[in-house]
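Asks: Going down the list, the protein sequences come from chains A and B.
In our numbering, each residue carries its 1-based index in the first sequence increased by 165.
In our numbering, each residue carries its 1-based index in the second sequence increased by 56.
No residue lacks a Cβ here, since even glycine has one placed at the ideal position from N, Cα and C.
Note that this is a predicted model, so its numbers are computed, not measured.
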Amino acid sequence: MEIKDKIVPLLQEQFPETNFEVTDFRGDLKIKFDASLIVPVGNFLKQHDELKFNMCEDVTAVDWATKKKRFTIIYHIYSLENKFRLRLACDVEENHPHIESVVPVWKSANWYERETYDMYGIKFDNHPDLRRMYMPEEYEYYPLRKEYPLMGIPGDLTLPKK
Amino acid sequence: MEKLTKDDVHPSIVKALLDQETNITFEDALENEMILNMGPQHPATHGVLRVLLRLDGETIVAAVPDLGYLHRGYEKMAENMSFYEFIPHTDRLDYISPPANNTAFCLAVEKLYGIEAPVRAQYIRMIMTELARITSHLVAVGSLAMDVGALTVFLWCLREREKVLNSYDIICGARFTTSYTRIGGVAADMPDEAIVIIKDFIAQFEEKLDEAERLLNTNRIFVERLEGVGVISGEEAINMGLTGPNLRGSGIDHDLRRANPYMLYDQMDFKVPVYNEGDSLARYFVRADELRESCKIILQCLDKMPKGEIMLNSPKKVLPRKTEIYTKMEELIHDFMIVNFGVKPPVGDIYSAVENPKGELGFYIVSKGEGHPWKMKIRSPSFCNLQSLGGLIKGHMISDVVAIIGSLDPVMGEADK
Chain A
166 MEIKDKIVPL
176 LQEQFPETNF
186 EVTDFRGDLK
196 IKFDASLIVP
206 VGNFLKQHDE
216 LKFNMCEDVT
226 AVDWATKKKR
236 FTIIYHIYSL
246 ENKFRLRLAC
256 DVEENHPHIE
266 SVVPVWKSAN
276 WYERETYDMY
286 GIKFDNHPDL
296 RRMYMPEEYE
306 YYPLRKEYPL
316 MGIPGDLTLP
326 KK
Chain B
57 MEKLTKDDVH
67 PSIVKALLDQ
77 ETNITFEDAL
87 ENEMILNMGP
97 QHPATHGVLR
107 VLLRLDGETI
117 VAAVPDLGYL
127 HRGYEKMAEN
137 MSFYEFIPHT
147 DRLDYISPPA
157 NNTAFCLAVE
167 KLYGIEAPVR
177 AQYIRMIMTE
187 LARITSHLVA
197 VGSLAMDVGA
207 LTVFLWCLRE
217 REKVLNSYDI
227 ICGARFTTSY
237 TRIGGVAADM
247 PDEAIVIIKD
257 FIAQFEEKLD
267 EAERLLNTNR
277 IFVERLEGVG
287 VISGEEAINM
297 GLTGPNLRGS
307 GIDHDLRRAN
317 PYMLYDQMDF
327 KVPVYNEGDS
337 LARYFVRADE
347 LRESCKIILQ
357 CLDKMPKGEI
367 MLNSPKKVLP
377 RKTEIYTKME
387 ELIHDFMIVN
397 FGVKPPVGDI
407 YSAVENPKGE
417 LGFYIVSKGE
427 GHPWKMKIRS
437 PSFCNLQSLG
447 GLIKGHMISD
457 VVAIIGSLDP
467 VMGEADK
């Protein structure tokens, strides 16, 4: 049995009451589930003897510009042993978007989550050092949100004093 | 030089640098720990990387890298242009190895479209990618040597790189910003003249590389400045998300060309160099060995490369040739539609990653069935590799910082996107 077919049954066995929405597009396996479960699911996937998703490659978000479930947080995790990449997805709401940080599970998520916070304004709860990644600290906007104009907002950056 | 005052460093960065008990002062450096600002215009930081160092004497207690000085908002721009229009921008990500980025991006879009380039185009792409790996590692090795004081090797490496850039010039008309690949193939066929140049280059390269290595590997100053400096264990390297030569320098045998073969890498015979020490010297050795492996791959590609088409024949998805646009109505219509509205992919999201010289370069593309991506995330290796910098330089001297940055080989164009 291939690793791809194993993941979902194992997850369902561990979390029987959760609804896992599975999509397989162009060979990429994506599993969508409730945002409150991201840390336990991450821990399970990392520590399971067969799966061993030990590397977090990327954390990002998608802004769907809709009223409900505005953002989706996307995690790309990789199992070096099985040479397999998995995508996790969790929806969060527009009003006070927040999700539990996965830094305790994968250390490398630290900067990825900071970048996502910088670009989308999503708060990662219990993140050790949640600062802006690229933009200045006092910047008020989140540039990758869909309402932010492509040309930028004139006068949004204070120039350094002479 | 002007003295750094408290207002120059943002309070949040100061907070990240300090833990609670520490008493910090910006005035009296002899009595206390002090904060030193390195970059963003320091020549050894390979671009515009800024690192804030908290020092006890000359020893680094804590370090906070500060990114964003080259942030151009490529992900935002990508959402507002068609896939074709974004190809030139990929040149400016990792500007030491543009053809590798071009290939990575086109492979991602092709995965989304569900098409594949013809065999000859794939061979040409592989040759270009490996040439890019050679140029990138030459710059990495050369500038690492320069950072620790060996200027000769830097000049030698750049001389060799020049020869590769000359072959780029013939193949795609540009020495640096190549924009060579197209979705579904490559822009132009590889002329025989270029093949001769590449073969000549490889024939003499081995010897030149030996020469440079003799200067470095037996040089006590070079070895002692790198050996045991910036050590990261294999487990920690995985945990920090290191990829590419930096991961293989820590004893983890992971190369996407082997692990998840793309293009025709599964038919190639090459070794994946792995060193177990995990220090800066091991990372240098990995790069030096990869230079030789890349030459092997290029020679195999040149042998096996068949004649044939270089662009896929799929009129609704791939730009037609210029000669056909000028003479045929159908092609003109397709060209008009593709240029103005882009090619409409199916709804869905894909992630495609390749082994770039610096590590894993991935593109995550979300499509809503429009000619431009709804979202595009660039997973750049330099950004992820830099994350380990703070931990690596802890406990070392200031002079080791440049050696460690050089051995991690970040490119800020890619880290800042």
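1) Does Lys327 (chain B) come within less than 8 angstroms of chain A when only Cβ atoms are used?
2) Mind listing the chain A neighbours of Gln443 (chain B)? Cutoff is C-beta to C-beta under 9 angstroms, in chain order.
3) On the CB-based measure, 16 or more other CB atoms within 10 Å of its CB, does Phe139 (chain B) come out buried or exposed?
4) Going by DSSP, name the residue or residues bridged to Tyr475 (chain B).
5) Could you spell out the range, first to last residue, of the beta strand (DSSP E) harbouring Thr225 (chain A)?
6) Between the region 431 to 443 of chain B and the region 409 to 422 of chain B, are three or more C-beta pairs nearer than 8 angstroms?
7) How should Asn441 (chain B) be labelled, buried or exposed, when 16 other C-beta atoms within 10 angstroms of its C-beta is the threshold for buried?
8) Looking at chain A, is there any beta carbon in it that lies within less than 8 angstroms of the beta carbon of Ile406 (chain B)?
9) Answer with buried or exposed for Ser289 (chain B), where buried requires no fewer than 16 other C-beta atoms within 10 angstroms of its C-beta.
10) Measuring only between beta-carbons, confirm whether Tyr304 (chain A) sits less than 8 angstroms from chain B.
11) Between the region 321 to 328 of chain B and the region 219 to 229 of chain B, can you find at least three pairs of beta-carbon atoms closer than 8 angstroms?
12) Can you name the start and end residues of the alpha helix (DSSP H) that Tyr140 (chain B) belongs to?
13) What residue does the alpha helix (DSSP H) around Lys211 (chain A) start on, and which one ends it?
14) Check whether the Cβ atoms of Thr146 (chain B) and Asn158 (chain B) lie closer than 8 angstroms to each other.
15) Is the shortest distance between the beta-carbon of Lys248 (chain A) and the beta-carbons of chain B less than 8 angstroms?
16) Which residue comes first and which comes last in the alpha helix (DSSP H) that contains Asp391 (chain B)?
17) Figure out for me which residue from B:Ala293, B:Tyr169, B:Met296 and B:Phe261 has the closest Cα to the Cα of Pro371 (chain B).
18) Quick check: is any heavy atom of the ligand GTP less than 7 angstroms from the C-beta of Glu114 (chain B)?
19) Considering only residues of the same chain and omitting the five flanking positions on each side of Ala188 (chain B), which have a CB-CB separation below 6 angstroms?
20) On the three-state DSSP scale, how would you describe Glu302 (chain A)?
21) Taking C-alpha atoms, which residue in B:Leu337, B:Thr185, B:Ala72 and B:Met393 lies nearest to Thr274 (chain B)?
22) Cβ closer than 8 angstroms: which chain B residues qualify as neighbours of Phe218 (chain A)?
23) State the start and end residues of the unbroken beta strand (DSSP E) segment that holds Arg176 (chain B).
24) Which residues in chain A sit within 7 angstroms of Asp472 (chain B), going by Cβ to Cβ distance?
25) Pull the bridge partners of Glu186 (chain A) from the DSSP assignment, please.
26) Note down the Cα distance separating Ile190 (chain B) from Ile242 (chain A), rounded to an integer number of angstroms.
27) Which residues bound the alpha helix (DSSP H) around Asp256 (chain A)?
28) Would you kindly work out how many angstroms separate the C-alpha atoms of Asp20 (chain B) and Arg217 (chain B), rounded to a whole number?
29) For the alpha helix (DSSP H) that contains Phe180 (chain A), what are its first and last residues?
30) Nearest by alpha-carbon distance to Lys167 (chain B): which of B:Gly404, B:Met468 and B:Phe397 is it?
31) Comparing C-alpha positions only, which one of B:Tyr130, B:Ala164 and B:Lys424 sits nearest to Gln150 (chain B)?
32) Could you list which residues in chain B have their beta carbon closer than 8 angstroms to that of Glu186 (chain A), in chain order?
33) Could you tell me whether the Cβ atoms of Tyr299 (chain A) and Leu123 (chain B) are closer together than 8 angstroms?
34) Can you check which of these residues, A:Tyr240, A:Leu309, A:Ile264 and A:Asp170, is closest to Trp271 (chain A) by C-alpha distance?
35) Quick one: which chain B residues come within Cβ less than 8 angstroms of Cys221 (chain A)?
36) Helix, strand or coil: how does DSSP classify Gly143 (chain A) here?
Replies: Taking the coordinates as given:
1) Working through the second sequence from its first residue, we reach residue 327 (chain B) at position 271. Taking Cβ atoms only, chain A never reaches closer than 8 angstroms to Lys327 (chain B), which makes this a no.
2) Within the second sequence, numbered from 1, the residue matching residue 443 (chain B) stands at position 387. Here the neighbours are Lys272, Ser273, Asn275, Trp276 and Tyr277.
3) In the second sequence, the residue the question calls residue 139 (chain B) occupies position 83. Classification for Phe139 (chain B): buried.
4) As displayed, chain B neither begins before 57 nor continues past 473, which places residue 475 (chain B) out of reach and without an answer.
5) Your numbering for residue 225 (chain A) matches position 60 in the first sequence. Met220 to Asp228 is the extent of the beta strand (DSSP E) around Thr225 (chain A).
6) Note that the region 431 to 443 of chain B touches the region 409 to 422 of chain B; at least 3 beta-carbon pairs, one per stretch, sit closer than 8 angstroms.
7) Translated into the one-based positions of the second sequence, residue 441 (chain B) becomes position 385. It is buried - the Cβ of Asn441 (chain B) has at least 16 other Cβ atoms within 10 Å.
8) As a position in the second sequence, residue 406 (chain B) is number 350, starting the count at 1. So, interface residue.
9) Position 233 of the second sequence, counting from 1, holds the residue named residue 289 (chain B). Exposed, because fewer than 16 other Cβ atoms sit within 10 Å of the Cβ of Ser289 (chain B).
10) The residue given as residue 304 (chain A) occupies position 139 in the first sequence. It does not: the Cβ of Tyr304 (chain A) has no partner Cβ on chain B nearer than 8 angstroms.
11) no
12) Stepping through the second sequence from its first residue, residue 140 (chain B) is reached at position 84. Per DSSP, the continuous alpha helix (DSSP H) segment holding Tyr140 (chain B) begins and ends at Phe139 to Asp147.
13) Your numbering for residue 211 (chain A) matches position 46 in the first sequence. Here the alpha helix (DSSP H) through Lys211 (chain A) covers Ile203 to Gln212.
14) Within the second sequence, residue 146 (chain B) is the residue found at index 90, counting from 1. Within the second sequence, residue 158 (chain B) is the residue found at index 102, counting from 1. Cβ atoms of Thr146 (chain B) and Asn158 (chain B): closer than 8 angstroms.
15) Numbered from its first residue, the first sequence carries residue 248 (chain A) at position 83. Yes, its Cβ sits closer than 8 angstroms to a Cβ of chain B.
16) On the second sequence, position 335 is the one that residue 391 (chain B) refers to. Met385 to Phe397 is the extent of the alpha helix (DSSP H) around Asp391 (chain B).
17) In the second sequence, the residue the question calls residue 371 (chain B) occupies position 315. Here the closest residue by C-alpha is B:Tyr169.
18) Questions concerning the ligand GTP fall outside what the structure shown contains, since it holds no ligand whatsoever.
19) Stepping through the second sequence from its first residue, residue 188 (chain B) is reached at position 132. Once the five neighbours on either side are set aside, the close Cβ partners of Ala188 (chain B) are Ser153, Pro155 and Ala156.
20) The residue given as residue 302 (chain A) occupies position 137 in the first sequence. Glu302 (chain A) falls in the coil class under three-state DSSP.
21) For the purposes of this step, residue 274 (chain B) is identified with residue 218 of the second sequence, where counting begins at 1. Ranking B:Leu337, B:Thr185, B:Ala72 and B:Met393 by Cα distance to Thr274 (chain B) puts B:Leu337 first.
22) Here residue 218 (chain A) corresponds to residue number 53 of the first sequence, with the count starting at 1. In chain order: nothing, as chain B lies at least about 11 angstroms away.
23) As a working note, residue 176 (chain B) is residue 120 in the second sequence. Per DSSP, Arg176 (chain B) belongs to no beta strand (DSSP E); it is in the alpha helix (DSSP H), Val175 to Asp203.
24) Counting from 1 along the second sequence, the entry for residue 472 (chain B) is found at position 416. Neighbours of Asp472 (chain B) on chain A, chain order: Tyr299.
25) The residue given as residue 186 (chain A) occupies position 21 in the first sequence. A:Lys197.
26) Indexing the second sequence from 1 puts residue 190 (chain B) at position 134. Indexing the first sequence from 1 puts residue 242 (chain A) at position 77. Each residue's alpha carbon lies about 29 angstroms from the other.
27) Counting from 1 along the first sequence, the entry for residue 256 (chain A) is found at position 91. Run containing Asp256 (chain A): none in the alpha helix (DSSP H); it sits in the beta strand (DSSP E), Phe249 to Val257.
28) Any property of residue 20 (chain B) remains undetermined from this structure, which presents chain B solely from 57 to 473.
29) Position 15 of the first sequence holds residue 180 (chain A). That residue, Phe180 (chain A), is in no alpha helix (DSSP H); it is neither H nor E in DSSP.
30) Here the question's residue 167 (chain B) lines up with position 111 in the second sequence. Residue B:Gly404 is the option with its Cα nearest to Lys167 (chain B).
31) Here residue 150 (chain B) refers to the residue found at position 94 when the second sequence is read from its first residue. Correcting the residue type first, residue 150 (chain B) is Asp in the shown sequence and not Gln. The option with the nearest alpha carbon to Asp150 (chain B) is B:Tyr130.
32) Here residue 186 (chain A) is taken as the residue at index 21 of the first sequence, counted from 1. Here the premise fails: no neighbours, minimum Cβ distance about 13 angstroms.
33) Within the first sequence, numbered from 1, the residue matching residue 299 (chain A) stands at position 134. Within the second sequence, numbered from 1, the residue matching residue 123 (chain B) stands at position 67. Going by C-beta atoms, Tyr299 (chain A) is nearer than 8 angstroms to Leu123 (chain B).
34) What you label residue 271 (chain A) is simply residue 106 of the first sequence in a count that begins at 1. Selected option, being the one with the closest Cα: A:Tyr240.
35) Mapped onto the first sequence, residue 221 (chain A) falls at position 56. In chain order: Gly297.
36) For chain A, the structure presents residues 166 to 327; residue 143 (chain A) sits outside this window and is missing.
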